[in-house]
Amino acid sequence: MVINDLCESNKFIQTNKFKINKEYRLNYHLMGEFGWINDPNGFIQFNGSYHVFYQHYPYKAIWGPMHWGHAVSEDLIKWRHLPIALTPDREFDKDGCFSGSAIEVDGRLKLIYTGHIYTDGNKNTGYRQVQCLANSEDGINFSKFSLNPIIDTDEIPQAISKSDLRDPKVLKINEIYYMILGTTVDNKKNVDLSKNGAVAIYKSLDLIHWDFINVLASSDGNMGICWECPDLFTLGGKEVLIVSPQYMKPQGNDYHNLHSTIYMIGDLQINEGAFKFDEYYPIDYGFDFYAPQTIIDDKGRRILIAWMDMWGSKMPTQDRGDNWAGAMTLPREIIFYEDRLIFKPIQEIIKYRKNEYKIEDVLLIGEKLLDITGESYEIIVIFEAKNFSEFGIKLRVGEKEETVLSYNAMSKIFSFNRDKSGIGPKGIRNTELVLKDNALKLQIFVDKCSVEVFINDGEKTMTARIYPSAFSNKIKIFSKGECNIVTFHKWDIG
Ligand code: FRU
16 MVINDLCESN
26 KFIQTNKFKI
36 NKEYRLNYHL
46 MGEFGWINDP
56 NGFIQFNGSY
66 HVFYQHYPYK
76 AIWGPMHWGH
86 AVSEDLIKWR
96 HLPIALTPDR
106 EFDKDGCFSG
116 SAIEVDGRLK
126 LIYTGHIYTD
136 GNKNTGYRQV
146 QCLANSEDGI
156 NFSKFSLNPI
166 IDTDEIPQAI
176 SKSDLRDPKV
186 LKINEIYYMI
196 LGTTVDNKKN
206 VDLSKNGAVA
216 IYKSLDLIHW
226 DFINVLASSD
236 GNMGICWECP
246 DLFTLGGKEV
256 LIVSPQYMKP
266 QGNDYHNLHS
276 TIYMIGDLQI
286 NEGAFKFDEY
296 YPIDYGFDFY
306 APQTIIDDKG
316 RRILIAWMDM
326 WGSKMPTQDR
336 GDNWAGAMTL
346 PREIIFYEDR
356 LIFKPIQEII
366 KYRKNEYKIE
376 DVLLIGEKLL
386 DITGESYEII
396 VIFEAKNFSE
406 FGIKLRVGEK
416 EETVLSYNAM
426 SKIFSFNRDK
436 SGIGPKGIRN
446 TELVLKDNAL
456 KLQIFVDKCS
466 VEVFINDGEK
476 TMTARIYPSA
486 FSNKIKIFSK
496 GECNIVTFHK
506 WDIG
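FYI, the working numbering numbers position 451 of the sequence shown as 466, with every residue one higher than the one before it.
This is the structure we're talking about:
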């Protein structure tokens with residue numbers, strides 16, 4: 016088998032996709048058809064349809080030489096797979112077509128991505144990364160630009176890493192194209208680590224010839240050693256920079272995963288290629304959220320989608336031989352509100368609701384098993400705190416399994432506990448939350464092996480993968496002390 020051949024990889028998927036074990040396959044989230052997926056790439060609305068490409072190794076449920084998988088959707092919920100768009104088959108991308116973005120020029124779709132090339136036997140250190148271009152007339156078939164790479168290793172200035180320069184996001188501002196790239200710079204401040212995460216910015220008039228402008232932004236010494244997958248946009252009149260820092264150290268309750276995702280609201284001086292920021296915040300407070308990409312769509316919405324997994328975290332569908340691994344989050348709309356970003360589930364999900372269940376105004380003391388079950392559903396619940404110490408909801412409850420979301424009034428901490436969630440990785444993520452009018456509103460999406468929690472209308476989100484048995488499908492609400500369930504809504508989704 017010619018492993019990097021486009022036709023071969025598409026044929027391989029079509030002949031093998033029936034060998035997938037469906038037990039944990041999600042019902043309303045984007046996954047690959049076979050094998051491994053990670054970051055969303057090239058997220059774009061093109062000719063009215065939403066396209067998401069993704070990092071993909073089609074042959075096995077492990078990370079391998081990266082291809083670009085491709086899916087299209089009319090509503091961001093139901094996805095149709097298209098043929099693989101890129102395979103690592105040229106000198107300039109021979110060891111992987113790494114992450115990147117898409118842009119439309121004169122009605123044609125262009126992909127800008129990183130070519131990954133190993134330079135010696137040590138794959139962890141011996142590599143270089145160059146930037147490449149591919150063009151498409153129809154948005155389905157892509158041909159690589161004959162003069163790739165468009166940014167070669169000798170076009171990388173002294174200030175930034177010669178090996179880690181990847182994940183181009185291309186933007187057009189006032190007729191000029193800008194490319195931002197994740198990288199690492201020498202660290203003057205951080206004593207523990209020798210590198211600081213950073214974003215480099217280049218500019219071009221034709222997408223082919225690129226000039227380095229500057230290091231757009233970099234870590235203050237506490238924000239990871241390499242920044243991956245940068246994104247930059249304006250929202251509510253403010254400039255926002257998103258990056259996924261590698262190996263960021265925990266700060267209080269935040270940044271407890273191997274890698275993190277943060278946003279900064281700052282001041283962009285595009286001519287100087289400078290983004291100044293004072294504060295940064297986690298995008299998601301759960302376990303499994305990485306490498307998001309955003310677009311603005313024709314309804315004017317800023318929409319984000321991310322990989323719903325985490326590097327270094329065990330993925331049971333790999334170990335069990337299920338022939339697939341990796342999924343994307345539900346697309347989320349980003350809104351600028353009171354100097355912060357809030358995240359809401361994309362509203363198209365509403366039309367997939369069925370079998371409504373509703374209770375109202377229930378005084379809760381102790382634990383209550385609800386007479387509903389499910390594996391793929393949405394819940395909206397509003398708790399009103401009374402004399403309580405702790406209250407919350409238990410999802411995917413079975414004889415020995417449960418996933419617990421709880422709020423503790425004394426500590427003002429909201430927790431996601433997956434210690435008893437099944438065969439996946441365990442642990443607790445905590446986040447501070449101050450209630451307004453004593454109310455806690457949770458909008459929760461459960462889908463077979465995922466949970467996404469939107470807390471108080473998107474003030475914070477927590478995303479996690481869980482792997483309970485199919486029999487663990489019950490739902491409980493509980494309160495140590497008194498609390499009022501103002502409303503509890505559940506819909507099956509699918
Ligand atoms: C982020 C990342 C990117 C890289 C890709 C490789 O998850 O490490 O920086 O381009 O994945 O698959």
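Ideal Cβ positions, reconstructed from N, Cα and C, are used throughout, including at glycine.
Fair warning: this is a prediction, and the values are worked out from it, not measured in the lab.
Nearest-angstrom beta carbon gap, residue j and residue i [assumed within contact, 8 Å]
| i | j | result |
| --- | --- | --- |
| G154 | N62 | 7 Å |
| R444 | H271 | 6 Å |
| S64 | E89 | 6 Å |
| I280 | V258 | Between V258 and I280 the Cβ distance is about 13 Å, and since that is not below 8 Å, they are no contact. |
| C147 | N163 | 4 Å |
Heavy atom of ligand 1 within 7 Å of residue i beta-carbon
| i | result |
| --- | --- |
| Q70 | yes |
| A306 | yes |
| C147 | no |
| F302 | no |
| N211 | no |
| M532 | Lying before the first or after the last residue shown, residue 532 is absent from the chain, which here runs from 16 to 509. |
| T478 | no |
| C464 | no |
| T129 | yes |
| M323 | no |
| R143 | no |
| S88 | no |
| D182 | yes |
| F113 | yes |
| D293 | no |
| C244 | yes |
| N53 | yes |
| G197 | yes |
| M81 | yes |
Cut-off 6 Å between Cβ atoms - residues of its own chain near residue i, not counting five sequence neighbours on either side
| i | result |
| --- | --- |
| I298 | T276, Y278 |
| L196 | L180, P183, A215 |
| S219 | Y192, W225 |
| R411 | T418, P483, S487 |
| S234 | N211, G212 |
| C498 | L379, F398, A400, K401, F403, F406 |
| L328 | Sequence inspection shows Ser at residue 328; the Leu mentioned does not correspond to that position. So the list reads P440, once near-sequence residues are dropped. |
| I118 | K125, V185 |
| I28 | E48, F49, P73 |
| P260 | G212, M238, G239, W242, S275 |
| R95 | V87 |
| L222 | Y192 |
Status (buried if at least 16 other CB within 10 Å, exposed otherwise) for residue i
| i | result |
| --- | --- |
| H85 | buried |
| M238 | buried |
| L356 | buried |
| N338 | buried |
| V206 | With a pLDDT of 49 at V206, under the threshold of 50, the modelled position of this residue cannot be trusted; read the value that follows with caution. Exposed, because fewer than 16 other Cβ atoms sit within 10 Å of the Cβ of V206. |
| D432 | Inspection of the sequence shows that residue 432 is occupied by Asn rather than by Asp. Per the 10 Å Cβ criterion, buried. |
| N53 | buried |
| F429 | buried |
| V377 | exposed |
| T134 | exposed |
| E1 | Lying outside 16 to 509, the shown extent of the chain, residue 1 is not represented and no answer is given. |
| Y352 | exposed |
| M425 | exposed |
Same chain only: Cβ atoms within 7 Å of residue i, ignoring 5 sequence neighbours per side
| i | result |
| --- | --- |
| W506 | R368, K369, N370, E371, Y392, E393 |
| A174 | V200, V230 |
| G509 | N42, Y43, Y367, S391 |
| I166 | V145, Q146, Y217, W225 |
Other residues of its chain near residue i: CB distance less than 8 Å, five sequence neighbours each side excluded
| i | result |
| --- | --- |
| G15 | Because the chain is modelled from 16 through 509, residue 15 falls outside the range shown and cannot be assessed. |
Query raised in the report: Contact between the segment 56 to 71 and the segment 118 to 129: three or more CB pairs below 8 Å?
Result: Short answer: they touch.
**Report entry** Contact the segment 464 to 478 vs the segment 287 to 303: 3+ CB pairs below 8 Å
**Finding:** Three or more Cβ pairs drawn from the segment 464 to 478 and the segment 287 to 303 lie within less than 8 Å of each other, which places the two stretches in contact.
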